[in-house]
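Q: Sharing a structure here in structure tokens format.
Number of protein chains: 2
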Amino acid sequence: MYKLIELQTGVCSAQGFFADGISAGLKANSAKDMAFIYSKKECEIASVFTTNKMTAAPIRHFRAKGEFKTNFVLINAKNANAMTGKAGVSDINTILKTLPTNIINPVMSSTGVIGVRLPQEKIIAGAKLFDLSKKEPNAAASAIMTTDSFSKQKAFRVELEDGSSFSIGAMAKGAGMINPAMATMLCFITTDAKVTKEEMQEILDEVTLTTFNAASVDGDTSTNDTVMLLSNGLSDVYDRDAFKVALERIMLFLAREMVRDGEGATKLVTYRVTGAKDDREAEIVAKALSNSLLVKTALYGEDPNWGRIASTVGASGVEADEERLSISFNDLCVYNKGRLLFDETMEEEASQIMKLDAFSISCDLGLGSGEFTSFGCDLGYEYVKINADYRT
Amino acid sequence: MYKLIELQTGVCSAQGFFADGISAGLKANSAKDMAFIYSKKECEIASVFTTNKMTAAPIRHFRAKGEFKTNFVLINAKNANAMTGKAGVSDINTILKTLPTNIINPVMSSTGVIGVRLPQEKIIAGAKLFDLSKKEPNAAASAIMTTDSFSKQKAFRVELEDGSSFSIGAMAKGAGMINPAMATMLCFITTDAKVTKEEMQEILDEVTLTTFNAASVDGDTSTNDTVMLLSNGLSDVYDRDAFKVALERIMLFLAREMVRDGEGATKLVTYRVTGAKDDREAEIVAKALSNSLLVKTALYGEDPNWGRIASTVGASGVEADEERLSISFNDLCVYNKGRLLFDETMEEEASQIMKLDAFSISCDLGLGSGEFTSFGCDLGYEYVKINADYRT
Chain A
1 MYKLIELQTG
11 VCSAQGFFAD
21 GISAGLKANS
31 AKDMAFIYSK
41 KECEIASVFT
51 TNKMTAAPIR
61 HFRAKGEFKT
71 NFVLINAKNA
81 NAMTGKAGVS
91 DINTILKTLP
101 TNIINPVMSS
111 TGVIGVRLPQ
121 EKIIAGAKLF
131 DLSKKEPNAA
141 ASAIMTTDSF
151 SKQKAFRVEL
161 EDGSSFSIGA
171 MAKGAGMINP
181 AMATMLCFIT
191 TDAKVTKEEM
201 QEILDEVTLT
211 TFNAASVDGD
221 TSTNDTVMLL
231 SNGLSDVYDR
241 DAFKVALERI
251 MLFLAREMVR
261 DGEGATKLVT
271 YRVTGAKDDR
281 EAEIVAKALS
291 NSLLVKTALY
301 GEDPNWGRIA
311 STVGASGVEA
321 DEERLSISFN
331 DLCVYNKGRL
341 LFDETMEEEA
351 SQIMKLDAFS
361 ISCDLGLGSG
371 EFTSFGCDLG
381 YEYVKINADY
391 RT
Chain B
1001 MYKLIELQTG
1011 VCSAQGFFAD
1021 GISAGLKANS
1031 AKDMAFIYSK
1041 KECEIASVFT
1051 TNKMTAAPIR
1061 HFRAKGEFKT
1071 NFVLINAKNA
1081 NAMTGKAGVS
1091 DINTILKTLP
1101 TNIINPVMSS
1111 TGVIGVRLPQ
1121 EKIIAGAKLF
1131 DLSKKEPNAA
1141 ASAIMTTDSF
1151 SKQKAFRVEL
1161 EDGSSFSIGA
1171 MAKGAGMINP
1181 AMATMLCFIT
1191 TDAKVTKEEM
1201 QEILDEVTLT
1211 TFNAASVDGD
1221 TSTNDTVMLL
1231 SNGLSDVYDR
1241 DAFKVALERI
1251 MLFLAREMVR
1261 DGEGATKLVT
1271 YRVTGAKDDR
1281 EAEIVAKALS
1291 NSLLVKTALY
1301 GEDPNWGRIA
1311 STVGASGVEA
1321 DEERLSISFN
1331 DLCVYNKGRL
1341 LFDETMEEEA
1351 SQIMKLDAFS
1361 ISCDLGLGSG
1371 EFTSFGCDLG
1381 YEYVKINADY
1391 RT
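Going down the list, the protein sequences come from chains A and B.
Read in order, the letters of the first sequence correspond to residues 1 to 392 in the numbering used here.
Read in order, the letters of the second sequence correspond to residues 1001 to 1392 in the numbering used here.
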């Protein structure tokens, strides 16, 4: 048995972790644009990075280090340091060399425009403003934002039956397209749980599949996507089940917050796909639904257009049959195994559901026991405005 | 040697073909909404249908007939007869039984809203208005339109060296989302060439890959997509090379017209991908580019955001390397194998290219000899308006 107690202290929740955000002049109006996470003890790291082949320089820099522990992550917004080749990695080395000597094996994480070299001098000057004794998780979470409209944090203290405890805290920035170049997500998670690197990586991989990898704003995979989990072990406490549940709660919350804050999004929709031939086919359908322009624009129009749902299921490439398919909006079944149920009364009921800020669309394929749940948002004028008109 | 002479007579260009469009009261304001194609001699048919598993009733009806020749195609707009199960097919049989006795093995093709039974009485009454001696290709091409803003036709007379000739003519409706349910394309091609069914199908399959299957408005595959090629052999003339070239010219023209007339589209962009590991990988990249929301919104904003192109190439899943990739807008190379060329002067030049109604974006992956060309359009406010606000 264990208990999760929610904390409001983000990435500074676990013992020995410090963080802050400052302005280095990368964003306009002196907004915070650089953050650090520092641990007084070196950390094991688990990580998940983008599958994009045009991997950004900070990820290539991280990977080139091989096996290592660190006590410091430097994060900047406004510039992704992507498509910058070897120079991008050498810029990181130059910047990290200027950090104080008590910093061990520092790594960097960047988000912003693609194809422009980092403004080295500004970042080096910014890093000199860092005070490693600060615990300002809100400032750090704000500094890493780009087109996000609110910052995203979540933390728990995990109390075990014997009264011992450890903590996990996280901050993330959303899957909006960055100013102006991509759909980037960054997430940093800190913990003082006494977990091994291998087990932490295994759990992180598993939880990522049903949280960040189930969330879609626009179906694009950026050059910089990063989830980093840092453990300094300072609590000397660990319980695998409790750790996994807490991590899952945190990552699921952040994934949903990212979608809810998707560019121009007004609705958070949960797509529950069941009855597929297997889980993999359910995942394909769930992701096809959350990525479909047909579906996204119907959501924005608050139009219970179940035909677009059916057509998207059919177009996804998996085994499907209209005589076995059922479709529901929340608990309202609008199409049932070949029976056209939709009349004016039902349309009115379904329209009311679609006016909600959050609701679910369920598709039962009626073929097997495969299931998957994904998260998506609508696509409206604001999305086009943010992504087409950013220069004006 | 052969010569292609362009004709303005659409699907009535080949000998023995008749067509017209009439109003059956399916569209508002007495707009034309039903069309027929009639041949005085029975035709061999080649066809390509949607890969959507929720196949519409007219396609299931067609397939259930097995091997057959026909002299009549009945087409209606406003109702797709999709997700209508067995009733959808039986509705077609009821309608087709009311046609005159000189009509042999008639088939039907539908486009419009999903999940609503056909208005049988209106369609039966409409079919009684058909005059099979009419050659009104423009009326037929208008009747099959839904959200298209112009009708799409193309025809050639093919003259061989010995002075003999045959003709091919076509009409199509565009890949906009239909009122309101899907991205549907229909294309009907008629010819009097003396071609066998097998050879006609083989050529149609091959040409479809680089024309209709290379065109994207929104990346959705509808329940009704249909390309039908009817040959009555009345010219007694045939030449494989000339036939294939003429068919390719017609289908390429119509595919590009569909994209140009994509809902809300203001630009037609040709994506030329070269240097991929193989043709299949080039195709994946070309289609990823024409479907990417990141790229589409940048096009709409007339923003030469090459970073989004690079990121989309990297995210497509194929082998790619930033040190080998080159990207050009028309003939202007903006990124060359790891070299950041983009400065203010180049940005100004690239912006001018993006203001054009039509231009190309080329990506050379620098890895092999695989290549593919696709066609796409931009995505702006009008697309959202058409697909979200259609009820208002």
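The C-beta atom is built at its ideal place from N, Cα and C for all residues, glycine as well.
Does the beta carbon of A1320/B come closer than 8 Å to any beta carbon on chain A?
A: The residue you call residue 1320/B lines up with position 320 of the second sequence. So yes, A1320/B belongs to the interface.
Q: Whose C-alpha, out of S165/A, R272/A and D261/A, is nearest the C-alpha of A242/A?
A: Here residue 242/A refers to the residue found at position 242 when the first sequence is read from its first residue. It is S165/A.
Q: Would you say S1109/B lies against chain A (beta-carbon separation less than 8 Å)?
A: For the purposes of this step, residue 1109/B is identified with residue 109 of the second sequence, where counting begins at 1. With 8 Å as the cut-off, S1109/B does not count as an interface residue toward chain A.
Q: Per the contact definition of three or more C-beta pairs closer than 8 Å, is the segment 36-50 of chain A in contact with the segment 195-213 of chain A?
A: The segment 195-213 of chain A is in contact with the segment 36-50 of chain A.
Q: Using Cβ-Cβ distances below 8 Å, what residues of the segment 1280-1300 of chain B are close to chain A?
A: Within the segment 1280-1300 of chain B, the qualifying residues are S1292, L1293, L1294, T1297, A1298 and Y1300.
Q: Using 10 angstroms around the beta-carbon of D1236/B, count the other beta-carbons present and answer buried if the total reaches 16, otherwise exposed.
A: Position 236 of the second sequence, counted from the start, is the residue given in the question as residue 1236/B. So D1236/B ends up on the exposed side.
Q: Give the DSSP-derived three-state secondary structure of N330/A in the structure shown.
A: Locating residue 330/A in the first sequence gives position 330, counting from the first residue. The answer is coil: DSSP assigns N330/A none of H, G, I, E or B.
Q: Report buried or exposed for D1303/B, applying the criterion of at least 16 other Cβ atoms within 10 angstroms of its Cβ.
A: Here residue 1303/B refers to the residue found at position 303 when the second sequence is read from its first residue. By the 10 Å Cβ count, D1303/B comes out buried.
Q: In chain order, what residues of the same chain have a beta carbon less than 7 Å from the beta carbon of R1324/B, not counting five sequence neighbours either side?
A: Stepping through the second sequence from its first residue, residue 1324/B is reached at position 324. Only K1337, L1365, G1366 and L1367 meet the Cβ criterion.
Q: Can you find a C-beta in chain B that's less than 8 Å from the C-beta of N387/A?
A: Counting from one through the first sequence, the residue named residue 387/A turns up at place 387. Yes, contact with chain B.
Q: Below 8 Å, how does it come out for the segment 1069-1086 of chain B and the segment 1017-1035 of chain B: are there three or more Cβ pairs, yes or no?
A: Touching, per the Cβ criterion.
Q: Could you tell me which chain A residues have their CB closer than 7 Å to the CB of S1222/B, listed as they occur along the chain?
A: On the second sequence, position 222 is the one that residue 1222/B refers to. The answer, in chain order, is S311.
Q: With DSSP run on the structure shown, which of helix, strand or coil describes V295/A?
A: By one-based count along the first sequence, residue 295/A stands at place 295. Helix at V295/A.
Q: Are the CB atoms of F1212/B and M1171/B within a distance shorter than 8 Å?
A: Locating residue 1171/B in the second sequence gives position 171, counting from the first residue. Locating residue 1212/B in the second sequence gives position 212, counting from the first residue. Contact flag unset, no.
Q: I114/A versus chain B: which residues are under 9 Å apart at the beta carbon?
A: Position 114 of the first sequence holds residue 114/A. By Cβ distance, chain B contributes N1305, W1306, G1307, R1308, A1310 and S1311.
Q: Cβ atoms of F49/A and V107/A: under 8 Å apart, would you say?
A: Position 107 of the first sequence holds residue 107/A. Position 49 of the first sequence holds residue 49/A. No, these two residues do not count as a Cβ contact at 8 Å.
Q: Taking CB distances under 8 Å as the criterion, tell me whether M1177/B reaches chain A.
A: Translated into positions along the second sequence, residue 1177/B becomes position 177. Confidence at M1177/B is low in this model, with a pLDDT of 48, below 50, so the placement of that residue is unreliable and no value is reported for it.
Q: Identify the contact partners of L1356/B in chain A, using a Cβ-Cβ distance below 8 Å as the criterion.
A: Within the second sequence, the letter at position 356 stands for residue 1356/B. Here the premise fails: no neighbours, minimum Cβ distance about 17 Å.
Q: Helix, strand or coil: how does DSSP classify Q1015/B here?
A: Stepping through the second sequence from its first residue, residue 1015/B is reached at position 15. Reduced to three states, the DSSP call for Q1015/B is coil.
Q: Below 8 Å CB to CB, which residues in the same chain sit around K27/A once its five sequence neighbours on both sides are set aside?
A: Numbered from its first residue, the first sequence carries residue 27/A at position 27. So the list reads D33, A77 and K78, once near-sequence residues are dropped.
Q: Which value, in whole angstroms, describes the spacing of the CA atoms of C187/A and K277/A?
A: As a position in the first sequence, residue 187/A is number 187, starting the count at 1. As a position in the first sequence, residue 277/A is number 277, starting the count at 1. If I take the Cα positions, the gap works out to 33 Å.
Q: Would DSSP call A1310/B helix, strand or coil?
A: By one-based count along the second sequence, residue 1310/B stands at place 310. Helix, per DSSP.
Q: Under three-state DSSP, which class holds T1208/B?
A: As a first step, residue 1208/B is located in the second sequence; it is residue number 208 there, counting from the start. It is helical.
Q: Identify the residues that DSSP records as bridge partners of L268/A: which are they?
A: For this step, residue 268/A is matched to residue 268 along the first sequence. Its beta-bridge partners are A358/A and C377/A.
Q: Which same chain residues, not among the five before or five after A286/A, have their C-beta less than 6 Å away from its C-beta?
A: One-based indexing of the first sequence puts residue 286/A at position 286. Within the same chain, A286/A has close Cβ partners Y271, V273, F372 and S374.
Q: What did DSSP end up calling A1046/B once you bin it into helix, strand or coil?
A: Along the second sequence, one-based indexing puts residue 1046/B at 46. Strand at A1046/B.
Q: Contact between the segment 242-261 of chain A and the segment 144-153 of chain A is defined here as three or more beta-carbon pairs at a separation below 8 Å; is this criterion met?
A: The segment 242-261 of chain A vs the segment 144-153 of chain A: in contact.
Q: Let me know if R1060/B comes out buried or exposed under the rule of 16 or more other beta-carbons within 10 Å of its beta-carbon.
A: Taking the first residue of the second sequence as 1, we reach residue 1060/B at position 60. Flag for R1060/B reads buried.
Q: How about T1266/B and G1376/B: do their beta carbons lie closer than 8 Å?
A: Within the second sequence, numbered from 1, the residue matching residue 1266/B stands at position 266. Within the second sequence, numbered from 1, the residue matching residue 1376/B stands at position 376. No, the pair does not count as a contact, with Cβ atoms beyond the cut-off.
Q: Quick one: is L1340/B near chain A, going by C-beta distance under 8 Å?
A: Locating residue 1340/B in the second sequence gives position 340, where the first residue counts as 1. Closer than 8 Å: yes.
Q: Return yes when the Cβ of G174/A is within less than 8 Å of the Cβ of M258/A, no when it is not.
A: As a working note, residue 258/A is residue 258 in the first sequence. As a working note, residue 174/A is residue 174 in the first sequence. Yes.
Q: Taking all protein chains shown into account, do 16 or more other C-beta atoms lie within 10 angstroms of the C-beta of A1024/B, making it buried, or fewer, making it exposed?
A: Within the second sequence, numbered from 1, the residue matching residue 1024/B stands at position 24. Buried is the call here.
Q: In chain order, what residues of the segment 1357-1381 of chain B put their CB closer than 9 Å to some CB of chain A?
A: Result list: D1378, L1379, G1380 and Y1381.
Q: Which value, in whole angstroms, describes the spacing of the CA atoms of S1169/B and D1239/B?
A: In the second sequence, the residue the question calls residue 1169/B occupies position 169. In the second sequence, the residue the question calls residue 1239/B occupies position 239. A small fix is needed here, since residue 1169/B is Gly in this sequence, not Ser. In a straight line, the C-alpha of G1169/B is about 16 Å away from that of D1239/B.
Q: Check each candidate in I104/A, S362/A, D225/A and A215/A and name the one with the smallest Cα separation from D261/A.
A: Position 261 of the first sequence, counting from 1, holds the residue named residue 261/A. The shortest Cα separation from D261/A among I104/A, S362/A, D225/A and A215/A belongs to A215/A.
Q: Under 8 Å: do the segment 1077-1097 of chain B and the segment 1120-1137 of chain B share three or more Cβ pairs, one atom per stretch?
A: Yes, the segment 1077-1097 of chain B is in contact with the segment 1120-1137 of chain B.
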